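All residue numbers for the sequence shown refer to our numbering, where the first residue is 4 and numbers rise by one. So the structure is just underneath, and the comments pick up after that.
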Amino acid sequence: MEEYIGIIKLFAGNFAPRGFLFCNGALLSIAQNTALFSILGTTYGGDGINTFALPNLNGRYPIGAGNSNTGRNYVLGEMSGTPQNTITSQNLPSFISQLKVANTNANSASPSLNSSIAITGTTVGRDFTAVPSFLNGDPDTVINAKSVSFVGQNVPVNNMPPYLGMNYIICVEGIYPSRQ
Numbered sequence: 004m005e006e007y008i009g010i011i012k013l014f015a016g017n018f019a020p021r022g023f024l025f026c027n028g029a030l031l032s033i034a035q036n037t038a039l040f041s042i043l044g045t046t047y048g049g050d051g052i053n054t055f056a057l058p059n060l061n062g063r064y065p066i067g068a069g070n071s072n073t074g075r076n077y078v079l080g081e082m083s084g085t086p087q088n089t090i091t092s093q094n095l096p097s098f099i100s101q102l103k104v105a106n107t108n109a110n111s112a113s114p115s116l117n118s119s120i121a122i123t124g125t126t127v128g129r130d131f132t133a134v135p136s137f138l139n140g141d142p143d144t145v146i147n148a149k150s151v152s153f154v155g156q157n158v159p160v161n162n163m164p165p166y167l168g169m170n171y172i173i174c175v176e177g178i179y180p181s182r183q
């Protein structure tokens, strides 16, 4: 069964079958691949005079071109994204208010809208038995800002979902697809 020129498939082998090439961004001669060039053009690279490029799906996921259901338009050949991101303090949400805790001994059996969490308990020797309770007083002691600063190590975070390495192949010899 022959395929349409330009069809891309996943292939589990370590070679490209006859009539297919790997989708690895390779530059091809326009003169030697006129049918495929008439389909791809320079969408994926090349100078459009002597060469054009195959799509490069190495380490990438394909996404449907056009308008998504979120309103984002993905242009044919558009590449974006990174396999790793470094989360810095600029990526974190701003934190303006001061943190406060209550500095009092008044406890309540149940929380109210202005309750703070308090851990009370009893001490017997070296043992502390916690009794969870709620403090109904407004927090009145500001925590030192250095105690709650957003400090990281600026280490890249892996952004890739679980994956399985396979080869994408594109048909370069076959049936020329007709337009409807």
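Backbone N, C-alpha and C fix where the C-beta goes; we use that ideal spot for every residue, glycine too. These numbers come from a predicted model, not from an experiment.
Asked                                                                                                       : Found
Backbone CA spacing between A15 and P96 [nearest angstrom]                                                  : 43 angstroms
Collapsed DSSP secondary structure at Q93 in the structure displayed                                        : helix
Environment of F55 [buried if 16+ CB atoms lie within 10 Å]                                                 : buried
Contact under 8 angstroms by Cβ, Q87 with N162                                                              : yes
Assigned secondary structure, I42 (DSSP; H/G/I helix, E/B strand, else coil)                                : helix
Per-residue DSSP class, three states only, for T85                                                          : coil
Member of G62, I33, G51 whose CA lies at the smallest distance from the CA of Y171                          : G62
Assigned exposure category for I8 - 16 Cβ within 10 Å defines buried                                        : buried
Cβ neighbours of A29 in the same chain (closer than 6 angstroms, five flanking residues each side left out) : L57
Sub-8 angstroms separation of G22 and E176 beta-carbons                                                     : yes
Heavy atom of the ligand NAD within 7 angstroms of M169 beta-carbon                                         : In the structure shown, the ligand NAD is absent, as is every other ligand, since no ligand is present at all.
Contact belief for I11 with I173 at Cβ below 8 angstroms, rounded distance in angstroms                     : 5 angstroms
8 angstroms Cβ shell around N53 - same chain, five flanking residues per side excluded                      : S32, I33, A34
N17, buried or exposed, once every other Cβ within 10 Å from all chains shown has been counted against 16   : exposed
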